[in-house]
Every structure is written in C-alpha cells, then in structure tokens.
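Worksheet: the structure to be examined is printed underneath.
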Amino acid sequence: MYVSHIKVRNWRNFPRIDADLRERQFVVGPNASGKSNLMDVFRFLRDIAKIEGGGLQKAVADRGGMTKIRNLAARRDPDIAIEVRFSDPADGHETWRYELGLKQQARGNRHTLITLERVIRDEAVILERPNEDDREDIVRLTQTYLEQITANRDFRDIARFFQAITYHHLVPSLLRHTDLIGGQTLEGDPYGQDFLDRIAREHDRTRKARLSRIEEVLKLAVPRLEQLEFVRDRETGRPHLQALYAHWRPRAGIQREDQFSDGTLRLIGMLWALLEGDSLLLLEEPELCLHSGIVNRLAVLILRMQRNAGRQVLISTHSAALLSDPGIEREEVLLLKPVHEGSDAEMAEDVRDALLLLERDIAPDRAPSERTLDISPDQLSLFK
Ligand SMILES: Nc1ncnc2c1ncn2[C@@H]1O[C@H](COP(=O)(O)OP(=O)(O)O)[C@@H](O)[C@H]1O
Ligand SMILES: [Mg+2]
6 MYVSHIKVRN WRNFPRIDAD LRERQFVVGP NASGKSNLMD VFRFLRDIAK IEGGGLQKAV
66 ADRGGMTKIR NLAARRDPDI AIEVRFSDPA DGHETWRYEL GLKQQARGNR HTLITLERVI
126 RDEAVILERP NEDDREDIVR LTQTYLEQIT ANRDFRDIAR FFQAITYHHL VPSLLRHTDL
186 IGGQTLEGDP YGQDFLDRIA REHDRTRKAR LSRIEEVLKL AVPRLEQLEF VRDRETGRPH
246 LQALYAHWRP RAGIQREDQF SDGTLRLIGM LWALLEGDSL LLLEEPELCL HSGIVNRLAV
306 LILRMQRNAG RQVLISTHSA ALLSDPGIER EEVLLLKPVH EGSDAEMAED VRDALLLLER
366 DIAPDRAPSE RTLDISPDQL SLFK
C-alpha cells in the first residue's frame, strides 16, 4: 500500500493541503515554503504510532506543543486536521483512510485532545471517535487508538505503515566522524551516524544483494566505479564500505568511506534507504553535495531502485537540475507556493512550473553553477 492522498488543515505554515501523491513524489518549493513541514506530517504520524516511546502527547510535546504545530494564522477554526488515504499500487483503488482531528484543551494541563479519529476500510467506517467510551471518560481523548496496541487491532496495517516511515537526511561528516563524536544517535538514524553499523547488522545475504543493486546503480552515475563492497577492518573489526574503481595503477583505486566525497556517501545512503523498508521514505533534499550532472540523473536512479524495492518515496527538493529529467510526470510534482500567511500546495500544471518557481528563488550568485547542466559523461565523478 502507499499514501495516495494527503489532506491537512492548519498544519504549520499550511492553512490547508489537499493533494494526491504518487509512489515517487517530488515536493518542490523555494526556501521556507514548507517542504520539511510537509514531511513532518508523516513523521508526526510515525511518532504517534511507534511502539517504543510513541504516543500523541509526546509527539506534540517533542514539537514544542500545539501552538508550534498549529498554523499561526488559524483563528476562527483552530483545530488541526490530518487525513491520509492509502491505495493499492496494483490497481489504484483506495484501501484505507485514517483521519485525525486535534485541539488543545482550553484549561488545566493544556493537553492535546482528539476531536476526531476515524478509520475507513474499503469505504466502511470501522472506527469513529469520539465514541460512547470517550464521552464517559473524556481523558481517553488524550490518546489515539492508533498508538494503542489493544485498540488498533482492526487497522494494524495502518499502524505498521506509520511505524515504518523513515526520514533520511544523511549528513556525511556525522557518518565519517561517528567514532570521534560518539554521543547519541536519533531514533531511526535520520542523519546516518549509525549507517555502517546498520549495514553490518543486516543478514549477509541481504546485505550482499542490496550492495550489488547499489553498485549497479552507482555505475550509471560513476563511470569508473567497478565495485562496492562491505569489509571489516582486520584490526578493529569496524565495518566499512570500500569502493574499487578503475585506475591506471593497479590497486590504487581503492577507497574507504572516509575518503568518499560527501556526494558519494549521500547517494549510497539514499540508495540503501530505498532498499531498507517497504513503507514511506522521506528523502530530504537528495541533491545536496552532488554534482549537478548527477543530480540530473537522480530522478532516474530513484526510479530504478524503486522498481526493485517498491518503496514509496517523497522527495523534497530545491533543485531545478533534479526536475530537469524529462521522465518526470506533472502528477509527480507537488508545488509549494508561498501565499499570504503561509504556503499553498498544488499539483504542477506542467513540470516547467516547478522550474519557474525555483528559478525565481535562485540567488543571482548561485545561478550560473546551478545552470551548468550539460557536461560530458567522463566529467562525472562522485569521487573528488
Ligand atoms: N505553526 C506555524 N505557523 C506558520 N508558519 C510556520 C509554523 N511553523 C513553521 N512555520 C514556518 O514554516 C517555514 C519553514 O518551513 P520549512 O518546512 O522548514 O521550509 P523548507 O523545508 O521548504 O525550507 C518557516 O518560515 C517557519 O516560520
Ligand atoms: Mg527544509
């Protein structure tokens, strides 16, 4: 199943969103138009549904309370509403719908209260709150059924889907210096600090299969790359990635991940994430650190990986080069346009709309390098 529609009201800088989503969906907008805020709707649902340390009150508190997540301009109708529809990728018919309405308790401890929680399966309503129990005991409205194992039994598919949503925004220097920095890794490892260990923990066969898929795709972007493999340091036992690429001196072309460029690391991390699960993947600005010649092909690389893994991916981007791929359909592009008191989200009439929207946003001093898109293949190298 995949998320085929999202509807929200009063979420952060969006007075409303009402948009179809595809299995590969680009979310395009200038700086501060709400790309990360849109992704946060899904992270919020994940945080409610997750088994350890989840729940509505915590998900709200972690974001600084209702006043931070509710649209600042919301006055007369201040409730937050979120609706997610799921469809079957094979035939597109809608399978599930989950709706959640929230408000802040007017007095007392200012808890977040549920004004609506509804689950629809194949057009039949299987949960509708507030219900009798809630009316008897109002405190129940501080918890969703989604977060309660005993209560979400009839819609476990939705709970599992939300739990497995992942957010990916690998920060190369955190990965490289993870041993030195030490410290905490956030849940789900969004910044890739734990990336090598995650690879190491994978079953041998799965790891091999995934790395060989990644290697195949990397070769499309890096002409001289011949092999990507997982190794362990002989002395310390620490896991590493090693790339072998053609070099005029034999064995000279071996590099470990600490020598990869930022772009290579981000690309490998992104491809791995696409293979790592079957729920929604949130990819935050995958173009960062990548050469524009590779950014041009990123849309295709993602598509190739997706065909294999079947994972839905929401890609926030700020890059005209990424959208320059002629294979991108207009339904795959959601435009975030700043309007009075927030942003509007709408499907692109034409992918060129997205390019225009971004063009207006490119600072003049950055424009020339952003536009040097035509380079020959052998200039393309992910390695510095
Ligand atoms: N509750 C809110 N009401 C209105 N605007 C908000 C709210 N929360 C955040 N914002 C605004 O959203 C914008 C940031 O959006 P963000 O998703 O980070 O943008 P992007 O990822 O596209 O750069 C900021 O301008 C911020 O002030
Ligand atoms: Mg952002």
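Note that the sequence shown covers residues 6 to 389 in the working numbering. Glycine residues also receive a C-beta, built at the ideal position from the N, C-alpha and C atoms.
Please work out which residues of its chain come closer than 7 Å, Cβ to Cβ, to residue i, disregarding the five sequence neighbours upstream and downstream, and give them in chain order.
i    : result
H252 : G258
A304 : L327, D330, G332, I333
I56  : Q168
R212 : I204, F235
A359 : V33, L328, V338, L340, A353
G39  : R17, N18, F19, L341, S348
R309 : V222
E141 : none
D127 : T100
L293 : R271
L233 : L216, I219, E220, L223, L246, A248
R115 : Q109
L157 : Checking the displayed sequence, the identity of residue 157 turns out to be Asn instead of Leu. Here the set comprises Y150, L151, A164.
A278 : T171, H173, L286
Q153 : none
Give the range of the beta strand (DSSP E) segment to which residue i is assigned.
i    : result
A111 : No beta strand (DSSP E) holds A111; DSSP gives it neither H nor E.
K342 : 338 to 344
N136 : From DSSP, N136 is part of no beta strand (DSSP E); its letter is neither H nor E.
L287 : 286 to 289
S92  : 85 to 92
T72  : Careful: T72 lies outside any beta strand (DSSP E), inside the alpha helix (DSSP H) at 71 to 74.
K12  : 7 to 16
R126 : 117 to 126
Would you mind reading off the limits of the alpha helix (DSSP H) that contains residue i?
i    : result
G268 : 267 to 280
E220 : 209 to 226
E364 : 356 to 364
I61  : What sits at residue 61 in the sequence shown is Leu, not Ile. L61 -> alpha helix (DSSP H) spans 61 to 66.
P177 : 177 to 181
I53  : 40 to 54
S297 : 297 to 314
I204 : 200 to 206
F19  : Note, F19: premise wrong, no alpha helix (DSSP H); beta strand (DSSP E) at 19 to 25.
L327 : 325 to 328
Enumerate in chain order the residues of its own chain whose CB-to-CB distance from residue i is below 6 Å, with the five nearest sequence positions on each side excluded.
i    : result
N15  : R75, N76, A79, I85
Y250 : R229, L230, E231, G258
L179 : Y196, Q198
E281 : none
Can you grab the Cα-Cα spacing for the pair residue i / residue j, in whole Å?
i    : j    : result
A129 : H208 : 40 Å
V344 : L285 : 28 Å
L132 : T155 : 14 Å
L185 : D202 : 15 Å
Q189 : R48  : 19 Å
L361 : I307 : 23 Å
V89  : R335 : 21 Å
A368 : M275 : The predicted model places A368 with a pLDDT of 49, which falls under 50 and marks its position as unreliable, so this point remains unresolved.
R206 : P244 : 10 Å
A226 : L61  : 42 Å
I170 : D45  : 11 Å
D267 : V65  : 34 Å
R145 : D138 : 8 Å
T120 : E290 : 34 Å
L287 : G242 : 32 Å
G113 : V13  : 27 Å
L363 : S324 : 7 Å
G70  : T117 : 8 Å
L50  : V300 : 30 Å
G58  : R29  : 30 Å
I320 : D25  : 14 Å
Residue i CB to nearest chain C CB: under 8 Å?
i    : result
D162 : Looking for chain C here will not work: only one protein chain is present.
Ignore the nearest five residues each way along the sequence and tell me which others in residue i's own chain have a CB closer than 8 Å to its CB.
i    : result
M6   : F91, S92, D93, P94, T100, W101, D162, F166
H98  : S92
R365 : P35
P255 : none
For the structure I just gave you, are there three or more beta carbon pairs, one from the segment 105 to 112 and one from the segment 78 to 93, closer than 8 Å?
These segments touch.
Could you name the residues, in chain order, whose CB is less than 6 Å away from a heavy atom belonging to ligand 2?
Result: K40, S41.
Taking contact to mean at least 3 C-beta pairs separated by less than 8 Å, is the segment 171 to 180 in contact with the segment 191 to 202?
The count of Cβ pairs closer than 8 Å, one atom from the segment 171 to 180 and one from the segment 191 to 202, reaches three, so the stretches are in contact.
Stretch pair the segment 342 to 361 + the segment 303 to 320: three plus CB contacts closer than 8 Å:
The answer is no - the segment 303 to 320 does not touch the segment 342 to 361, with fewer than three Cβ pairs under 8 Å.
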